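These protein sequence lines map, in sequence, to chains A and B. For the first sequence, position 72 (counting from the first letter as 1) is numbered 61 according to my numbering, and the numbering increases by one without interruption. Remember, my numbering sits 520 above the position in the second sequence when you count from 1. Just so it is clear, CB atoms sit at the ideal spot from N, CA and C, and this is done for glycine as well. Quantities reported herein were computed from a predicted structural model and do not represent experimental measurements. Okay, structure first, notes after.
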Amino acid sequence: DAGVTQSPTHLIKTRGQQVTLRCSPKSGHDTVSWYQQALGQGPQFIFQYYEEEERQRGNFPDRFSGHQFPNYSSELNVNALLLGDSALYLCASTMTGINYGYTFGSGTRLTVV
Amino acid sequence: AQTVTQSQPEMSVQEAETVTLSCTYDTSESDYYLFWYKQPPSRQMILVIRQEAYKQQNATENRFSVNFQKAAKSFSLKISDSQLGDAAMYFCAYRTYGGATNKLIFGTGTLLAVQP
Chain A
-10 DAGVTQSPTH LIKTRGQQVT LRCSPKSGHD TVSWYQQALG QGPQFIFQYY EEEERQRGNF
50 PDRFSGHQFP NYSSELNVNA LLLGDSALYL CASTMTGINY GYTFGSGTRL TVV
Chain B
521 AQTVTQSQPE MSVQEAETVT LSCTYDTSES DYYLFWYKQP PSRQMILVIR QEAYKQQNAT
581 ENRFSVNFQK AAKSFSLKIS DSQLGDAAMY FCAYRTYGGA TNKLIFGTGT LLAVQP
């Protein structure tokens, strides 16, 4: 049973560019959350998607947007990249109604130069 | 707003010994979940142990156990018989009780080194 799959694993972008990160949740999971983990820090919640809608959002600017598809997979888009957006982006999935069953992927390491 | 604090940036333990990682949190809620996650160099966040705040009994998972002090808002992780594979970054996390929609709030982590 595959867990959470994220792609790509590493990415280098230039300031001002746009980037799309992808996440496939664990089989049976319908809710996807995204986290940003800066170097040496704990993950920070970006937003959560359920039934193709953003259900909760953290303190991130509108440059960060997302999408969830009918198959529950999700994308994270970041526009107008800044150097400070360099981080590990983690995707976590769970099943609605399960209060603690988060499964994390291995993340996408984004470097903005 | 809830906060999670890990005051030990780095810890070291000898193989087969016991180590305790500290975590404190702040919340005005009475029901919530607390977690310890392990993040090895592979980067995947792995759940080590969880505690429901309404349970008085401390959670235990094999060599991992917690000391949950609700009044003191403290949630420490004890690793017994430490193994080389335990070396990783450990994060304490908080989640509001009820529903799967609520975000995890993480501390800044403790880097655990295991010496052979």
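Problem - Nearest candidate by alpha-carbon position, reference Ala633/B, set Ala521/B, Gly627/B, Leu541/B and Thr523/B - result: Ranking Ala521/B, Gly627/B, Leu541/B and Thr523/B by CA distance to the CA of Ala633/B puts Leu541/B first.
Exercise for the section: For Gly105/A, I'd like the list of residues in its chain whose CB is within less than 6 Å of its CB, leaving aside the five on either flank, ordered along the chain. Expected result: No answer is possible for residue 105/A: the residues shown for chain A start at -10 and end at 102.
Practice task
Using a cut-off of 7 Å between C-beta atoms, extract the partners of Arg563/B located in chain A.
Solution key: Proximity of chain A to Arg563/B at the Cβ level (cut-off 7 Å) is accounted for by Leu77, Ser95 and Gly96, in chain order.
Practice task
Measure from the C-beta of Gly605/B to each C-beta in chain A and report whether the shortest distance is under 8 Å.
Solution key: The beta carbon of Gly605/B does not come within 8 Å of any beta carbon belonging to chain A, so the residue lies off that interface.
Practice task
Round the Cβ separation of Ile599/B and Thr538/B to the nearest angstrom and send it over; I've been treating them as touching at under 8 Å.
Solution key: Their Cβ separation, rounded to whole angstroms, is 7 Å, which keeps Ile599/B and Thr538/B in contact under 8 Å.
Handout entry: Assumed close pair Val586/B, Gln571/B - CB separation to whole angstroms, cut-off 8 Å
Key = A Cβ-Cβ distance of about 6 Å is found for the pair Val586/B and Gln571/B, placing them in contact under the 8 Å criterion.
Problem - Run of the beta strand (DSSP E) containing Glu530/B, from where it starts to where it stops - result: For Glu530/B, the uninterrupted beta strand (DSSP E) segment begins and ends at Glu530 to Gln534.
Exercise for the section: Can you say whether Tyr38/A is buried or exposed, counting buried as having 16 or more other CB atoms within 10 angstroms of its CB? Expected result: Around the beta-carbon of Tyr38/A, 16 or more other beta-carbon atoms lie within 10 Å, marking it buried.
Practice task
For chain A, find out if any of its Cβ atoms is closer than 8 Å to the Cβ of Lys558/B; answer yes or no.
Solution key: Look at Lys558/B: its C-beta is not under 8 Å from any C-beta on chain A.
Practice task
Using a Cβ-Cβ cut-off of less than 8 Å, give me the residues of the segment 7 to 39 of chain A that come near chain B, in sequence order.
Solution key: Flagged, chain order: Thr20, Ser22, Tyr24, Gly29, Gln30, Gly31, Pro32, Gln33, Phe34, Gln37 and Tyr39.
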